[in-house]
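First the structure, in the form of structure tokens, and then the observations on it.
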């Protein structure tokens, strides 16, 4: 489904699963996480944790952090959790005595005992460790840190990498497209933006999956802009073919759509409950982003519910005619 490359004059696919700093978008969440961690590092904190949902960009953040710290003279090593048993600090420590940071990705796969042993190894002058993983990493560390004030402090200071905000969706898509040669104007209208934000949850990986499909459908129709109907079609296609173009944590999973709908109900309730506190305590940019995200979620909750029902019971008459053209309402 990359026929749109020639139609749009693109040199390569703009949305890929593998992290690539060429496509790095300066999202507010990435900047906030980078600031939070470099602040901890400046305070000589030896152990820190960063968590985020699948597809939010944790591995991309690790690459960004490595590039950022290289200029500060800090030696950086990156290991995935499944290979950590063979790790030795000598593999990453600089011979000139510079400070060293070890990043351990997918750290939620490690049990409490292995996490504790890793933390002990990092408890030396000049050594730092950043554990990167899903939310269950913090839960596991918290449950094992009841009698360990040092570990509890690390858990309490855990950094959470947030998804894109609703206002960042279109700039993010434009940024990726322009990096591969696109020279057009606005790629989607506001209805499409709202639906893309809701269906993806702001997760960059999901945004890319949906956009790739929607752009392919637009190319079939000879269209140069994505509207709400094409986003609908893209999500429906991914629901019908969850294994297509890779896997697991993608919007193509019906179960994921169901879970996202339930999570959105809970998120709306939480935001209403803390709305007054946000207005009192948050800075202006965060308040505005939260208000826009909440408004988009409320406006489009019924749409995701419709997609959920269609995925469970697709209509007899497909949404495409015999020539494979998109039939848009």
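In the working numbering, the protein residues as written are 30 to 358. Heads up, the beta-carbon is just placed ideally off N, CA and C, and yes, glycines get one too.
Under 7 Å Cβ to Cβ from residue i, same chain only, skipping five residues before and after it: list those, please.
i           : result
residue 189 : 80, 81
residue 121 : 104, 106, 129, 131
residue 210 : 38, 39, 40
residue 203 : 216
residue 152 : 75
Under three-state DSSP, which class holds residue i?
i           : result
residue 177 : coil
residue 133 : strand
residue 51  : helix
residue 199 : helix
residue 189 : strand
residue 40  : coil
residue 246 : helix
residue 65  : helix
residue 122 : coil
residue 92  : helix
residue 115 : helix
residue 230 : coil
residue 169 : helix
residue 147 : helix
DSSP beta-bridge partners for residue i?
i           : result
residue 77  : 159
residue 219 : DSSP lists no partner for residue 219.
residue 255 : 217
residue 106 : 131
Go through its chain and collect everything with a Cβ distance to residue i's Cβ below 6 Å, but skip five positions before and after it.
i           : result
residue 69  : 77
residue 243 : 255, 259, 260, 263
residue 146 : none
residue 217 : 255
residue 137 : 162, 163, 165, 166
residue 43  : 205, 206, 209
residue 36  : 248
residue 34  : none
residue 221 : 255, 256, 257, 260
By Cβ distance, which residues of its chain are closer than 8 Å to residue i, with the 5 residues on each side in sequence left out?
i           : result
residue 201 : 54, 56, 193, 233, 236
residue 111 : 135, 138
residue 178 : none
residue 184 : 78, 167, 170, 171, 174
residue 239 : 225, 228, 229, 260, 263, 264, 267, 280
Does the beta carbon of residue i fall short of 7 Å from some heavy atom of the ligand MN?
i          : result
residue 87 : Among the ligands in the structure shown, none appear at all, so the ligand MN cannot be discussed.
#### Entry: Touching by the beta-carbon criterion (3+ pairs, under 8 Å), the segment 84–97 and the segment 42–50
yes
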